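Reading through the structure tokens given below for one structure.
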Amino acid sequence: MSSTASAHATSTAPDGDVVVAVRDVHYAAGGRPIFAGLDLEVRRGRITAIMGPSGTGKTTLLRLITAQVPPASGQLTVFGQEVSTLGRREIYALRRRMGMLFQNGALLTDMDVFENVAFPVREHTDLPEPLVRLLVLTKLQAVGLRGAAQLMPGELSGGMARRVALARAIVMDPEILLYDEPFVGLDPISLGFILRLIKQTNQALGITSVVVSHDVRELATIADDSYLISEGRVAAAGTPAQLKASDSAAVRQFMTGSADGPVPFHYPAPDYATQLLEADER
Amino acid sequence: MTPRRPGTYLLGGLRRLGSVTIFLVQLLIQCVPALGKPRLLVMQIYNAGARSLIIIMLSGLFVGMVLGLQGYDLLRRFGSEEALGIAAALGLLRELAPVITALLFAGRAGTALASEIGLMRATDQLTAMEIMAVDPLRYVAAPRFLGGVIAMPLLTAIFSVIGLYGAQLVGVQLMGVDRGVFWSQTQGAVDLHDVNEGVVKSIVFGLACSLIAVHEGYHAEPTAEGVGLATTRTVVASSVMILLLDYVLTAAFL
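Here the protein sequences come in this chain order: A and B.
The numbering used here numbers the first residue of the first sequence as 1 and each following residue consecutively.
The numbering used here numbers the first residue of the second sequence as 283 and each following residue consecutively.
Structure, rendered in structure tokens:
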């Protein structure tokens with residue numbers, strides 16, 4: 001793929017600035033190859049967008065970064081540590097420096113909003129109750145849901161659940177925040193809230209952010225760097241503006257959402273006429 | 283579809299046994315820190331135990347009453363109705379109370395455990411804990427496992443007491459067996475060995491049922507179908523395991 005080369009063109013940052021580095025990573029799930037030589041990096045303090053059509057393994061990339069699954073081959077370093085060589089204890093230590101926002105929020109359903117946000121604090125620290133309360137209320141205020149502290153997760157709308165999950169993800173002040181499809185299924189107002197929050201947490205708290213999504217228009221407004229993943233590798237990389245100006249047909253099809261292009265409308269199938277006739281014969 | 287060869291089933295079974303054993307070891311390791319969180323543990327004993335109380339008490343009463351009727355009818359043929367107390371007490375303590383409690387527990391608390399943990403898996407709650415560097419085995423699985431293990435002997439004891447009362451109700455109040463004879467015979471015939479048999483059985487059943495429920499839930503496919511399947515498998519596997527272990531333990535105690 002001709003534009004893959006441009007992925008490396010962004011690798012100009014000094015090593016200390018690279019929080020996540022993915023080098024020639026291969027990964028397969030259930031015999032189906034997901035990544036075949038993936039190369040990308042996430043730089044400190046920036047919002048990196050990972051885009052791609054559904055099923056390209058965007059969520060799998062987050063699973064690799066959070067060390068839930070090891071890559072089949074290749075190098076994947078987070079904070080300079082090669083994740084596949086880490087033991088369980090080291091993985092947990094690494095994860096304490098991360099936060100992740102799940103698509104559905106993944107709030108613990110047996111506790112209220114306040115307790116959900118307090119959960120990581122209670123598990124990892126021995127802070128006295130007044131301090132926990134202060135910390136949780138500050139984070140809830142930041143996402144605009146201080147008033148919803150006593151609600152149960154089942155009483156929240158999708159957008160609210162995601163904001164609570166964001167409060168929970170930032171309560172331990174992580175260095176990197178991973179967002180898994182944060183815009184899916186939101187109404188325009190909630191979407192606006194989430195966009196603003198992603199930008200704010202990045203700018204005000206200086207948290208490095210990785211946003212995995214296929215919502216090109218939303219990402220273009222907040223991303224500093226973008227990667228477009230297709231067929232297991234980076235198809236294009238650069239700023240959102242650079243991606244839009246790409247001359248690759250595959251990149252253009254994705255960015256404009258066109259039905260015509262290298263990605264076919266039809267899932268691979270035997271010849272249409274032959275199959276119809278076969279059915280007739282039966 | 284080609285039929286699977288017997289070897290495939292055997293290998294599958296062995297693999298499953300291995301996976302359950304490894305899971306049990308990991309779970310037991312996590313039980314130590316889980317004991318340090320009494321609030322979580324009490325909550326799970328409440329969920330598995332207190333919430334099963336009504337069904338256990340009602341079943342205990344009816345099983346005891348049936349035992350009273352059947353026992354009375356049988357013993358009357360030999361002219362030894364006074365032995366009804368012994369028959370009911372021994373039957374309940376050694377056999378019926380642990381087995382029926384465990385079967386009911388598997389249906390009530392076991393399915394609830396499996397589906398709750400399975401749904402937590404399906405809604406990414408377990409993964410979210412992993413990402414927050416909290417081991418779900420320690421936070422979710424271990425307290426539920428311990429809760430079940432602790433609740434089962436308590437429920438069995440309650441079943442026995444109410445069952446015996448049910449047998450007395452029918453035998454003494456309805457059929458006219460002498461109250462004094464009923465209780466004195468019972469007191470004389472039941473010894474610690476009989477009580478121990480029930481206690482050991484209930485603990486073993488508690489371990490088996492809780493392990494199966496937590497394991498099935500924890501490893502459920504993260505889909506609606508997967509959670510349903512985990513729940514079904516919990517009941518089937520627990521019931522078979524209870525009856526199998528019951529035979530082994532009864533043989534060991536004779």
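All C-beta atoms, glycine included, are put in the ideal place defined by N, C-alpha and C.
All figures in this text were calculated on a predicted structure; none of them were measured in a lab.
S248(A) (DSSP reduced to helix, strand or coil): On the first sequence, residue 248(A) is found 248 positions in, with the first residue counted as 1. If DSSP states are grouped into helix, strand and coil, S248(A) belongs with coil.
Simplified DSSP assignment, three categories, for T513(B): Counted from its first residue, the second sequence places residue 513(B) at position 231. Correct three-state label for T513(B): helix.
R96(A) at chain B interface by Cβ criterion, 8 angstroms: Start at 1 with the first residue of the first sequence, and residue 96(A) comes out as number 96. Judged by the 8 angstroms Cβ criterion, R96(A) is in contact with chain B.
G238(A), buried or exposed, once every other Cβ within 10 Å from all chains shown has been counted against 16: As a first step, residue 238(A) must be located in the first sequence, where it is residue number 238. Counting Cβ neighbours within 10 Å, G238(A) comes out buried, since at least 16 surround it.
I311(B) to L140(A) span [Cα, whole Å]: If you number the second sequence from 1, residue 311(B) lands on position 29. If you number the first sequence from 1, residue 140(A) lands on position 140. Cα to Cα, the separation comes out at about 35 angstroms.
Beta-carbon contacts of I34(A) that lie in its chain and below 7 angstroms, excluding the five residues immediately before and after: As a position in the first sequence, residue 34(A) is number 34, starting the count at 1. For I34(A), where only same-chain residues beyond five positions count, the Cβ hits under 7 angstroms are Y27, A28, G57, T60 and G232.
Reduced DSSP category for F344(B) - H, G, I as helix; E, B as strand; rest coil: On the second sequence, residue 344(B) is found 62 positions in, with the first residue counted as 1. Correct three-state label for F344(B): helix.
Rounded distance between the beta-carbons of C313(B) and L266(B), thought under 8 angstroms: Since the first and last residues shown for chain B are 283 and 536, residue 266(B) lies out of range.
Opening and closing residue of the alpha helix (DSSP H) in which M411(B) lies: For the purposes of this step, residue 411(B) is identified with residue 129 of the second sequence, where counting begins at 1. Note, M411(B): alpha helix (DSSP H), Q407 to I413.
N478(B) burial status per 10 Å Cβ neighbour count (16 or more: buried): Position 196 of the second sequence, counted from the first residue, corresponds to residue 478(B). When all chains shown are included, N478(B) counts as exposed.
Separation of K483(B) from S341(B), as counted between CA atoms: Counting from one through the second sequence, the residue named residue 341(B) turns up at place 59. Counting from one through the second sequence, the residue named residue 483(B) turns up at place 201. Distance between the alpha carbons of S341(B) and K483(B) is about 18 angstroms.
Nearest-angstrom Cα separation, counted from P153(A) out to V416(B): Locating residue 416(B) in the second sequence gives position 134, counting from the first residue. Locating residue 153(A) in the first sequence gives position 153, counting from the first residue. Between V416(B) and P153(A), the C-alpha separation is close to 20 angstroms.
DSSP three-state assignment for D180(A), whether helix, strand or coil: If you number the first sequence from 1, residue 180(A) lands on position 180. Strand at D180(A).
In DSSP terms, what Y27(A) is bridged to: Walking along the first sequence from the start, residue 27(A) turns up at place 27. Bridge partners of Y27(A): F35(A).
Cβ separation of A106(A) and T405(B), assumed to be a contact under 8 angstroms, to the nearest whole Å: For the purposes of this step, residue 106(A) is taken as residue 106 along the first sequence, with counting starting at 1. For the purposes of this step, residue 405(B) is taken as residue 123 along the second sequence, with counting starting at 1. Contact holds; Cβ gap of about 6 angstroms.
Residue environment, T208(A), which counts as buried when at least 16 other CB atoms sit within 10 Å: Here the question's residue 208(A) lines up with position 208 in the first sequence. Buried, since its Cβ has 16 or more Cβ neighbours within 10 Å.
Proximity winner among A236(A), V184(A), Q275(A) and R163(A), relative to Q200(A) (alpha-carbon distances): Within the first sequence, the letter at position 200 stands for residue 200(A). Nearest of A236(A), V184(A), Q275(A) and R163(A) to Q200(A), Cα basis: R163(A).
Distance between beta carbons of G448(B) and L375(B), contact taken as under 8 angstroms: By one-based count along the second sequence, residue 375(B) stands at place 93. By one-based count along the second sequence, residue 448(B) stands at place 166. In fact, because the Cβ distance is near 14 angstroms, the residues do not count as touching under 8 angstroms.
Beta carbon of L366(B) nearer than 8 angstroms to that of L357(B): Against the second sequence, residue 366(B) aligns to sequence position 84. Against the second sequence, residue 357(B) aligns to sequence position 75. Yes. Within cutoff.
Nonlocal neighbours in the same chain, by C-beta distance under 7 angstroms from A165(A), ignoring five residues either side: Taking the first residue of the first sequence as position 1, residue 165(A) is located at position 165. Excluding positions up to five away in sequence, the list reads L101, F102, G105, A106 and L107.
Q150(A) classed as buried or exposed, judged by whether at least 16 other C-beta atoms fall within 10 angstroms: As a first step, residue 150(A) must be located in the first sequence, where it is residue number 150. Q150(A) is exposed by the Cβ-count criterion.
Residue of A245(A), L76(A) and V251(A) minimising C-alpha distance to H214(A): Counting from one through the first sequence, the residue named residue 214(A) turns up at place 214. H214(A) has its Cα closest to that of V251(A), out of A245(A), L76(A) and V251(A).
Bridge-paired residues (DSSP) for E479(B): For the purposes of this step, residue 479(B) is taken as residue 197 along the second sequence, with counting starting at 1. The partner list for E479(B) (beta bridge, DSSP) is empty, contrary to what the question assumes.
Under 8 angstroms between C-beta atoms of F487(B) and L527(B): In the second sequence, the residue the question calls residue 487(B) occupies position 205. In the second sequence, the residue the question calls residue 527(B) occupies position 245. Going by C-beta atoms, F487(B) is nearer than 8 angstroms to L527(B).
Helix, strand or coil at S6(A) according to DSSP, with G and I counted as helix: Taking the first residue of the first sequence as 1, we reach residue 6(A) at position 6. Residue confidence is low: S6(A) scores 42 on pLDDT, short of 50, so the model does not pin down where it sits. Its coordinate-derived value is still stated next. In this structure, S6(A) counts as helix in the three-state DSSP scheme.
Contact set between Y92(A) and chain B, taken where Cβ atoms lie within less than 9 angstroms: In the first sequence, counting from the first residue as 1, residue 92(A) sits at position 92. The answer, in chain order, is E412, A415, V416 and D417.
Under the three-state DSSP convention, the category T12(A) falls into: Counting from one through the first sequence, the residue named residue 12(A) turns up at place 12. Because the pLDDT at T12(A) is just 47, under 50, the model does not fix this residue reliably, and the point stays unresolved.
Test item: CB-CB of D225(A) and R43(A) under 8 angstroms: As a position in the first sequence, residue 225(A) is number 225, starting the count at 1. As a position in the first sequence, residue 43(A) is number 43, starting the count at 1. Yes, the Cβ-Cβ distance between D225(A) and R43(A) is below 8 angstroms.
Backbone CA spacing between E398(B) and Q275(A) [nearest angstrom]: Numbered from 1 along the second sequence, position 116 holds the residue referred to as residue 398(B). Numbered from 1 along the first sequence, position 275 holds the residue referred to as residue 275(A). Approximately 45 angstroms between the Cα atoms of the pair.
E175(A) - DSSP class collapsed to helix/strand/coil: For the purposes of this step, residue 175(A) is identified with residue 175 of the first sequence, where counting begins at 1. Residue state, collapsed to three classes: coil.
Residue-level contact to chain A via CB, Q352(B), 8 angstroms cutoff: Locating residue 352(B) in the second sequence gives position 70, counting from the first residue. Not one chain A Cβ lies under 8 angstroms of Q352(B).
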